[in-house]
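The listed protein sequences derive, respectively, from chains Z and G. Using our numbering, read the first sequence as starting at 46 and increasing by one per residue. Using our numbering, read the second sequence as starting at 11 and increasing by one per residue.
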Amino acid sequence: MKLARKFAWPSAVTMFVLFFVPLLIILAYSLLTRGPYGGVMPPWTFESYLRVFDPLYGWIFWRSVWIAAVSTALCLLLAFPLALYIARSGARKTLLLNLVMLPFWTSFLIRTYAWMFLLRDTGLVNTVLLAVHAIREPLPLLFNNGAVILGLVYGYLPFMVLPLYATLEKMDHSLLQAAADLGATPGVTLWRVVIPLSKPGAVAGCLLVFIPCLGAYLTPDLMGGGKTVMLGNLVQNQFTTARDWPFGAAFSLLLMLIVLPVTRALGKRGEDLL
Amino acid sequence: MRRLLAVYAGIAYLFLYAPLAVLAVFSFNASKIAVWQGFTLQWYGSVFHNSALLEGTLNSLVIAGVATIASTIIGTLAGYAIWKRRMPWLTNSLYLSLLSPEIVTGVSLLAFFAWAFRFGHVQLGMHTVILAHISFSLAYVVIVILARLRTFDPALEEAGLDLGATEWEVFRRITVPMLLPGIVAAALLCFTVSFDDYVITSLVAGVNSETLPMMIYAMARKGVSPEVNALSVMITVGLGTLILLAGKLEQRT
Numbered sequence: 046m047k048l049a050r051k052f053a054w055p056s057a058v059t060m061f062v063l064f065f066v067p068l069l070i071i072l073a074y075s076l077l078t079r080g081p082y083g084g085v086m087p088p089w090t091f092e093s094y095l096r097v098f099d100p101l102y103g104w105i106f107w108r109s110v111w112i113a114a115v116s117t118a119l120c121l122l123l124a125f126p127l128a129l130y131i132a133r134s135g136a137r138k139t140l141l142l143n144l145v146m147l148p149f150w151t152s153f154l155i156r157t158y159a160w161m162f163l164l165r166d167t168g169l170v171n172t173v174l175l176a177v178h179a180i181r182e183p184l185p186l187l188f189n190n191g192a193v194i195l196g197l198v199y200g201y202l203p204f205m206v207l208p209l210y211a212t213l214e215k216m217d218h219s220l221l222q223a224a225a226d227l228g229a230t231p232g233v234t235l236w237r238v239v240i241p242l243s244k245p246g247a248v249a250g251c252l253l254v255f256i257p258c259l260g261a262y263l264t265p266d267l268m269g270g271g272k273t274v275m276l277g278n279l280v281q282n283q284f285t286t287a288r289d290w291p292f293g294a295a296f297s298l299l300l301m302l303i304v305l306p307v308t309r310a311l312g313k314r315g316e317d318l319l
Numbered sequence: 011m012r013r014l015l016a017v018y019a020g021i022a023y024l025f026l027y028a029p030l031a032v033l034a035v036f037s038f039n040a041s042k043i044a045v046w047q048g049f050t051l052q053w054y055g056s057v058f059h060n061s062a063l064l065e066g067t068l069n070s071l072v073i074a075g076v077a078t079i080a081s082t083i084i085g086t087l088a089g090y091a092i093w094k095r096r097m098p099w100l101t102n103s104l105y106l107s108l109l110s111p112e113i114v115t116g117v118s119l120l121a122f123f124a125w126a127f128r129f130g131h132v133q134l135g136m137h138t139v140i141l142a143h144i145s146f147s148l149a150y151v152v153i154v155i156l157a158r159l160r161t162f163d164p165a166l167e168e169a170g171l172d173l174g175a176t177e178w179e180v181f182r183r184i185t186v187p188m189l190l191p192g193i194v195a196a197a198l199l200c201f202t203v204s205f206d207d208y209v210i211t212s213l214v215a216g217v218n219s220e221t222l223p224m225m226i227y228a229m230a231r232k233g234v235s236p237e238v239n240a241l242s243v244m245i246t247v248g249l250g251t252l253i254l255l256a257g258k259l260e261q262r263t
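Structure representation (structure tokens):
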């Protein structure tokens, strides 16, 4: 058994040096003062954390939470019937599930770009609508909150389908039989038996979608039109253009503080999910 | 009810695949705008004559290749260790790294490199990108390896030990050969995740380490171009093939 312990070393060192130490440095940077040319310098201060409560940035925080929450809710509504269908597809189950996962594994950037191709002013949707004279001016489909939500739902839908499918697939069929025998219509069975029983999957799915949505960077950046729309963009902006590393670091840690308890909740039964 | 669900599922799959399908169709469009003006392969040709894109592709292949080899070795060993001895702290830190927002991972690595290099004359470049990719792709490898190990019968290892082999011999001559399809699947997955990354890469890349996704991003910001459409189709088909291959290997027991 000594071998297994030795085998843990390379990954432990990698995680320590390339994951935990960087987070500790972010912690240190968040407590320092902004340097004249970017970077950081003494004195140590809590000022960056106080600025987190600035109404201007608080607004971005709440907007991020709102966008992530709406996207999560939409994912849940869209994914549930799909997961139910896949779970009841017999021999084709695996194939249908893999078809949901396949686009997720290919390029996220390219899938976002594909939506930009469809939605921009000179994009396919507007071109078609103009050609059939349904509209006179191109519709502003891209570069707004709605487009960001669409991109997030599209990107993270598989994260919701997977755990929902896992619980629905394991559901005991005799329960549905019992409900039917006792006179429940399919609708009542769905509402009073299937949906309550799928709650663990729904909770896991909501966490798995909400977390990446809250920290999203690429989707709001490309589909939101490059304004500072969400927390991820704010952090990136502080580290690049604005060159205020302490402030960006403070916001990064705020994001991690939200992620941490969710990771714990998922970790307890993570083995069934991943 | 059943039929209604089937119709809904059809629409859902359309939602998932239509944007990519439309992109693929228009990558063969002779016109630069979203109006069909006849079939052409010229955009595919121009991708191959674009030296900047070719250089970006080479960078991406080198980064993903090196990161994949390192991650697969480290991750396979870690998966085995977790399977044998649970190691909750290692498991939890891998989960945490998997769920951390990419942007936070990216800026923390940037801050880390900036701090680590302040005394030396080292700059951001290919090496920092590779290190970053090893860091975020490790968890994916471990997950695939662990899934594979759960179907592996520990009695096989015990038999080897009973017959007098050392732990290392058992690992090398029984466990690794049995795990091999899983290891290859993990490597393929790791490669696609690494090849595709934009957010973390763009933060820790320096001069001469611009990757393909960074170029696609820059072009997408400027506007839609048929060249990017063609490039996107090729990457999607390439990565999709790797994923299907990984899936096949994972299923084989």
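Each residue gets a CB set at the ideal place from its N, CA and C atoms; glycine is no exception.
task: Assuming F204/Z contacts V145/Z (C-beta within less than 8 Å), just tell me the rounded distance between them.
output: Here residue 204/Z is taken as the residue at index 159 of the first sequence, counted from 1. Here residue 145/Z is taken as the residue at index 100 of the first sequence, counted from 1. So it is not a contact: roughly 10 Å between Cβ atoms.
- prompt: If you drop the 5 nearest sequence neighbours on each side, which residues of the same chain put their C-beta closer than 7 Å to that of F125/Z?
  reply: Here residue 125/Z corresponds to residue number 80 of the first sequence, with the count starting at 1. Within the same chain, F125/Z has close Cβ partners L209.
Inter-residue spacing [alpha-carbon to alpha-carbon] between W125/G and L141/G: For the purposes of this step, residue 125/G is identified with residue 115 of the second sequence, where counting begins at 1. For the purposes of this step, residue 141/G is identified with residue 131 of the second sequence, where counting begins at 1. Answer to the nearest angstrom: the Cα atoms are 15 Å apart.
- request: Using the Cα positions of A240/G and T202/G, report the straight-line distance between them to the nearest angstrom.
  value: Residue mapping note: residue 240/G aligns to position 230 of the second sequence, counting from 1. Residue mapping note: residue 202/G aligns to position 192 of the second sequence, counting from 1. Computed Cα separation, rounded: 19 Å.
query: With burial defined as no fewer than 16 other Cβ atoms inside 10 Å of the residue's Cβ, what is the status of W93/G: buried or exposed?
result: Taking the first residue of the second sequence as 1, we reach residue 93/G at position 83. By the neighbour-count rule (16 or more Cβ atoms within 10 Å), W93/G is buried.
task: Quick one: residues in its chain with C-beta nearer than 7 Å to the C-beta of V206/Z, no 5 flanking neighbours on either side, listed in chain order?
output: Translated into the one-based positions of the first sequence, residue 206/Z becomes position 161. These residues qualify, in order along the chain: A124, L127, A128 and V145.
- prompt: Of the residues A62/G, L87/G and S219/G, which one's Cα is nearest the Cα of K51/Z?
  reply: For the purposes of this step, residue 51/Z is taken as the residue at position 6 of the first sequence. Ranking the options by Cα distance to K51/Z, first place goes to L87/G.
field: Integer Cβ distance of Y130/Z from A19/G, believed to fall under 8 Å
entry: As a position in the first sequence, residue 130/Z is number 85, starting the count at 1. As a position in the second sequence, residue 19/G is number 9, starting the count at 1. About 4 Å separates the two Cβ atoms, so the contact holds.
message: Tell me which residues of the segment 180-210 of chain G have at least one Cβ-Cβ distance to chain Z shorter than 7 Å, keeping chain order.
response: F181, T202, D206, Y208 and V209
- request: Confirm, please, whether the CB-CB distance from A197/G to E260/G is below 8 Å.
  value: To locate residue 260/G, count along the second sequence from 1; it is residue 250. To locate residue 197/G, count along the second sequence from 1; it is residue 187. Taking 8 Å as the Cβ cut-off, E260/G and A197/G do not qualify as a contacting pair.
query: For K47/Z, does the count of other Cβ atoms within 10 angstroms reach 16, so buried, or fall short, so exposed?
result: If you number the first sequence from 1, residue 47/Z lands on position 2. Exposed: under 16 other Cβ atoms inside 10 Å.
- prompt: DSSP state of V233/Z, grouped into three classes?
  reply: Taking the first sequence and counting its residues from 1, one reaches residue 233/Z at position 188. Here V233/Z sits in helix by DSSP.
field: Length of the line joining the Cα atoms of G233/G and G66/G
entry: Sequence index remark: in the second sequence, residue 233/G carries index 223 (1-based). Sequence index remark: in the second sequence, residue 66/G carries index 56 (1-based). Cα-Cα distance, rounded: 19 Å.
query: Is DSSP giving F162/Z helix, strand or coil here?
result: Here residue 162/Z is taken as the residue at index 117 of the first sequence, counted from 1. Three-state DSSP puts F162/Z in a helix.
query: Taking the alpha carbon of S242/G as the point to measure from, which residue in T78/G, L24/G, M225/G and A40/G has its own alpha carbon closest?
result: As a first step, residue 242/G is located in the second sequence; it is residue number 232 there, counting from the start. Checked all of T78/G, L24/G, M225/G and A40/G; the closest Cα to S242/G is M225/G.
message: Is it buried or exposed, V132/G, if we count other Cβ atoms within 10 angstroms and call 16 or more buried?
response: Looking up residue 132/G in the second sequence gives position 122. With fewer than 16 other Cβ atoms within 10 Å, it is exposed.
- prompt: Which full runs of the alpha helix (DSSP H) of 4+ residues lie inside the segment 238-317 of chain Z, going along the chain?
  reply: 244-259, 263-268, 276-284 and 290-312
query: CB-CB under 8 Å to A230/G, same chain, minus the five flanking residues each way: which ones, in chain order?
result: Walking along the second sequence from the start, residue 230/G turns up at place 220. If we look at A230/G and ignore the five residues flanking it on each side, its Cβ neighbours are V238.
query: If we ignore side chains and look at the alpha-carbon of each, how far apart do I193/G and T234/Z end up?
result: The count along the second sequence starts at 1 and reaches residue 193/G at position 183. The count along the first sequence starts at 1 and reaches residue 234/Z at position 189. Rounded to whole angstroms, I193/G to T234/Z spans 43 Å at the Cα level.
- request: Can you tell me the Cβ-Cβ gap for G277/Z and P265/Z, rounded? I've got them flagged as a contact below 8 Å.
  value: Here residue 277/Z refers to the residue found at position 232 when the first sequence is read from its first residue. Here residue 265/Z refers to the residue found at position 220 when the first sequence is read from its first residue. Sure, about 7 Å apart at Cβ, within 8 Å.
- request: Measure the C-alpha to C-alpha separation of I180/Z and Q47/G and round it to an integer number of angstroms.
  value: By one-based count along the first sequence, residue 180/Z stands at place 135. By one-based count along the second sequence, residue 47/G stands at place 37. Rounded to the nearest angstrom, the two C-alpha atoms are 22 Å apart.
- request: Please work out which residues of its chain come closer than 6 Å, Cβ to Cβ, to P306/Z, disregarding the five sequence neighbours upstream and downstream, and give them in chain order.
  value: Translated into the one-based positions of the first sequence, residue 306/Z becomes position 261. So no residue of the chain qualifies.
- prompt: Between the beta-carbon of A297/Z and the beta-carbon of V117/G, is there less than 8 Å?
  reply: By 1-based counting over the first sequence, the position of residue 297/Z is 252. By 1-based counting over the second sequence, the position of residue 117/G is 107. Before going further, note that residue 297/Z is Ser rather than Ala in the sequence given. In this structure, V117/G lies closer than 8 Å to S297/Z by Cβ.
task: Could you pull out every residue in the same chain whose Cβ sits closer than 6 Å to the Cβ of L249/G, ignoring the five residues on either side in sequence?
output: Counted from its first residue, the second sequence places residue 249/G at position 239. Closer than 6 Å at Cβ, skipping near neighbours: T202.
task: Give a yes or no on whether 8 Å exceeds the smallest Cβ distance from K298/G to chain Z.
output: Shown here, chain G extends from 11 to 263; a query on residue 298/G therefore has no answer.
- request: Locate the alpha helix (DSSP H) running through F201/G, then write down its first and last residues.
  value: Taking the second sequence and counting its residues from 1, the one referred to as residue 201/G is at position 191. Looking at the DSSP string, the run of the alpha helix (DSSP H) that includes F201/G is V186 to D206.
message: For a contact defined as C-beta to C-beta under 7 Å, what are the partners of S110/G on chain Z?
response: Your numbering for residue 110/G matches position 100 in the second sequence. In chain order: M301 and V304.
query: If you draw a straight line from the C-alpha of N282/Z to the C-alpha of R108/Z, how long is it?
result: In the first sequence, counting from the first residue as 1, residue 282/Z sits at position 237. In the first sequence, counting from the first residue as 1, residue 108/Z sits at position 63. For N282/Z and R108/Z, the distance between alpha carbons rounds to 17 Å.
message: Between the segment 105-121 of chain Z and the segment 204-219 of chain G, can you find at least three pairs of beta-carbon atoms closer than 8 Å?
response: no
query: the segment 158-178 of chain Z: which residues have C-beta closer than 7 Å to a C-beta of chain G, in chain order?
result: Y158, A159, W160, M161, F162, L163, R165, T167, G168, L169 and T172
message: Report the CB separation of R96/Z from W290/Z in whole angstroms; it is logged as a contact under 8 Å.
response: Sequence index remark: in the first sequence, residue 96/Z carries index 51 (1-based). Sequence index remark: in the first sequence, residue 290/Z carries index 245 (1-based). Not confirmed; about 13 Å, so no contact.
- request: Report yes if the C-beta distance between L77/Z and P67/Z is below 8 Å; otherwise report no.
  value: Start at 1 with the first residue of the first sequence, and residue 77/Z comes out as number 32. Start at 1 with the first residue of the first sequence, and residue 67/Z comes out as number 22. Cβ atoms of L77/Z and P67/Z: not closer than 8 Å.
Distance, A295/Z Cα to Y94/Z Cα: As a working note, residue 94/Z is residue 49 in the first sequence. As a working note, residue 295/Z is residue 250 in the first sequence. Rounded to whole angstroms, Y94/Z to A295/Z spans 6 Å at the Cα level.
message: If you follow the alpha helix (DSSP H) that S70/G is in, where does it begin and where does it stop?
response: The sequence position of residue 70/G within the second sequence is 60, counting from 1. Taken as a continuous stretch (DSSP letters only), the alpha helix (DSSP H) holding S70/G covers S61 to R95.
- prompt: For the candidate residues G293/Z, W160/Z, S243/Z and L202/Z, whose alpha-carbon lies nearest to that of V115/Z?
  reply: For this step, residue 115/Z is matched to residue 70 along the first sequence. Looking at the Cα atoms, L202/Z is the closest of the given residues.
field: Test item: CB-CB of P148/Z and R156/Z under 8 Å
entry: Here residue 148/Z is taken as the residue at index 103 of the first sequence, counted from 1. Here residue 156/Z is taken as the residue at index 111 of the first sequence, counted from 1. Yes, Cβ-Cβ distance for P148/Z and R156/Z is below 8 Å.
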